[in-house]
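Enquirer: Have a look at this one.
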Amino acid sequence: MYAKKVFGLFSSVLLSILVLTGGSEDGSRVKRVRADSSAVAREPAQALDAPDPEQGAAPAPSAFLSPSVKEYLELGMAIPGKPGTDYPVLGAVPYTNFYCDDQPYPGFFADMETRCQAWHYCDIDGRQASFLCPNGTVFSQGVASCDWWFNVRCALSPALYRLNARLYRRKKQTRPKPHRLIDKKLISEIFL
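Going by our numbering, the sequence shown opens with residue 1, and the numbers climb by one from there.
Structure follows, in structure tokens:
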């Protein structure tokens, strides 16, 4: 009974405080509005071509550029060909229609939908792991590694999938030959 009186008194005091203050907070802490999630870019834009230089803008003299900046600027010329046209430029492994269940054996497989920049490893137990070759390189099915795009013929990859059959093949064990039995013929051949 005492607890009911205390609870009733406490709730009436709390209610009267809320009525007097209007229920508002006066203080330095104010609840901020959450940022609009649509304004946040989830994936950075990938510019495949260099932007056109502005008219009338002079390039920075090379004496003012640090060696690391010079190296960065020269990297665009390091990979021959046009990004996005001659070779794919992906920033993440995309979802494709490649499934390890469709393959007759485990191993390494180039993904044709990504023009061989992505590749998949199918484990013995059917698990799939997907990877991406660095920009400018694609997966070479013949050597099961990433190589420069101009060294790989991606269209031939499905024909080379069967090379994976040799990865987990067990060597056939031959039965050991039995020891020769020592008989009169063998003794006569040894001791002529």
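Glycine is no exception: its CB is placed at the ideal position from the N, C-alpha and C atoms.
Please read all numbers here as calculations on a predicted model, not as lab measurements.
Where P67 and A78 are concerned, what is the direct C-alpha to C-alpha distance, given to the nearest angstrom?
Expert: Looking at the two C-alpha atoms, the distance is approximately 16 angstroms.
Enquirer: Are there three or more Cβ pairs, one per stretch, closer than 8 angstroms when the stretch 167 to 175 is compared with the stretch 150 to 159?
Expert: No, they do not touch.
Enquirer: Nearest-angstrom Cα distance between D86 and W149?
Expert: Distance between the alpha carbons of D86 and W149 is about 8 angstroms.
Enquirer: Quick one: residues in its chain with C-beta nearer than 7 angstroms to the C-beta of G136, no 5 flanking neighbours on either side, listed in chain order?
Expert: These residues qualify, in order along the chain: I79, Y87, W148 and W149.
Enquirer: Excluding five sequence neighbours on each side, which residues of the same chain lie with their C-beta closer than 6 angstroms to the C-beta of F131?
Expert: If we look at F131 and ignore the five residues flanking it on each side, its Cβ neighbours are W119.
Enquirer: What's the C-alpha gap between Y95 and P178?
Expert: One C-alpha to the other measures close to 57 angstroms.
Enquirer: Evaluate P268 with the Cβ neighbour count: other Cβ atoms within 10 Å of its Cβ, from every protein chain shown; 16 or more gives buried, anything less gives exposed.
Expert: For the chain, the structure presents residues 1 to 192; residue 268 sits outside this window and is missing.
Enquirer: Please state the DSSP three-state secondary structure of A47.
Expert: Because the pLDDT of A47 is 46, which lies under 50, any placement of that residue in the model is unreliable, and the number read from its coordinates should be weighed accordingly. Note: A47 maps to coil in three-state DSSP.
Enquirer: Buried or exposed for N97, going by 16 or more other Cβ atoms inside 10 Å?
Expert: Exposed, because fewer than 16 other Cβ atoms sit within 10 Å of the Cβ of N97.
Enquirer: Tell me the rounded alpha-carbon separation between A39 and P106.
Expert: Note that A39 has pLDDT 49, beneath the 50 cutoff, so the model's placement of it is unreliable and the number below is only indicative. Going from the Cα of A39 to the Cα of P106 covers about 43 angstroms.
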